[in-house]
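Note sheet for the following structure.
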Amino acid sequence: MTQHLAELNIARLRYPLEDPRVAAFVKALDLVNGIAERSEGFVWRLKDESGNATAIDGFDDPLVIVNMSVWRDVASFENFVWKTVHRQFYARRAEWFEIMEKQHFVMWHVTAGEFPTVAEAKERLDELNKHGNSDRAFGWSHLPEVKLWQHARCA
Numbered sequence: 001m002t003q004h005l006a007e008l009n010i011a012r013l014r015y016p017l018e019d020p021r022v023a024a025f026v027k028a029l030d031l032v033n034g035i036a037e038r039s040e041g042f043v044w045r046l047k048d049e050s051g052n053a054t055a056i057d058g059f060d061d062p063l064v065i066v067n068m069s070v071w072r073d074v075a076s077f078e079n080f081v082w083k084t085v086h087r088q089f090y091a092r093r094a095e096w097f098e099i100m101e102k103q104h105f106v107m108w109h110v111t112a113g114e115f116p117t118v119a120e121a122k123e124r125l126d127e128l129n130k131h132g133n134s135d136r137a138f139g140w141s142h143l144p145e146v147k148l149w150q151h152a153r154c155a
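So the sequence shown is residues 1 to 155, counted in full-length UniProt numbering.
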């Protein structure tokens, strides 16, 4: 069975989406999401009828936004995260998002053709926070074949 890579990244906004202090982030969503969808190895991303996932509530907090996607492999995802304009917005995250006390990013493998639900992704994130890296829920540090994340100092 072919396996793909799923990822969930949550973030807690410093201000509501309508606030001018996060306008640069909101304005960039379509650009960054479009680049993701055109990237080599992209399979799927969570979105609603608006074309993004900012209104999808899976964490009982209106300031928490969800990003979830599926990629053919970790190399494809790594290239998108660290070798596209996404990296520039990642570098500005402190302007728009609070520092989270727990892990807020998790990856896991899914069978090709299957797409995770927010509830499943939340379970994977909870598992990572409780037990650390495993084959069921992991961060960048669990994948020895990827290196670009180390320059950004993330887990």
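Every residue gets a Cβ at the ideal spot worked out from N, C-alpha and C, and that includes glycine. Since this is a predicted model, take the numbers as computed values, not measurements.
Inset, instruction - State yes or no: is the C-beta of H4 within less than 8 Å of the C-beta of V66? - result: One-based indexing of the sequence shown puts residue 4 at position 4. One-based indexing of the sequence shown puts residue 66 at position 66. Not a contact, by the Cβ cut-off of 8 Å.
Inset, instruction - Return the CA-CA distance between A121 and E7, expressed in angstroms with no decimal places. - result: Here the question's residue 121 lines up with position 121 in the sequence shown. Here the question's residue 7 lines up with position 7 in the sequence shown. A121 and E7: Cα-Cα distance of roughly 8 Å.
Inset, instruction - On a CA-only basis, which of S50, G58, M107 is nearest E78? Give me that one, please. - result: Position 78 of the sequence shown, counting from 1, holds the residue named residue 78. Considering only alpha carbons, the answer is M107.
Inset, instruction - Indicate the three-state DSSP secondary structure (helix, strand or coil) for Q3 in the structure shown. - result: As a position in the sequence shown, residue 3 is number 3, starting the count at 1. Q3 falls in the strand class under three-state DSSP.
Inset, instruction - Quick one: measure Cβ to Cβ for F80 and S39, integer angstroms, because I've assumed they're closer than 8 Å. - result: As a first step, residue 80 is located in the sequence shown; it is residue number 80 there, counting from the start. As a first step, residue 39 is located in the sequence shown; it is residue number 39 there, counting from the start. Contact holds; Cβ gap of about 5 Å.
Legend entry - Cβ neighbour criterion (16 or more within 10 Å) applied to S141: As a working note, residue 141 is residue 141 in the sequence shown. Exposed: under 16 other Cβ atoms inside 10 Å.
Legend entry - Reduced DSSP secondary structure (H/G/I, E/B, other) of R12: In the sequence shown, residue 12 corresponds to position 12, counting from 1. Residue state, collapsed to three classes: strand.
Inset, instruction - Mind the definition here: the segment 90 to 103 touches the segment 10 to 22 only if three or more C-beta pairs lie below 8 Å; say whether that holds. - result: yes
Inset, instruction - Please report how far the alpha carbon of A155 lies from the alpha carbon of G139, in whole angstroms. - result: Walking along the sequence shown from the start, residue 155 turns up at place 155. Walking along the sequence shown from the start, residue 139 turns up at place 139. Note on A155: pLDDT 46, under 50, position unreliable in the model; no value is reported.
Legend entry - L31 and N52 closer than 8 Å at C-beta: To locate residue 31, count along the sequence shown from 1; it is residue 31. To locate residue 52, count along the sequence shown from 1; it is residue 52. Their beta carbons are not under 8 Å apart, which means L31 does not touch N52 by this criterion.
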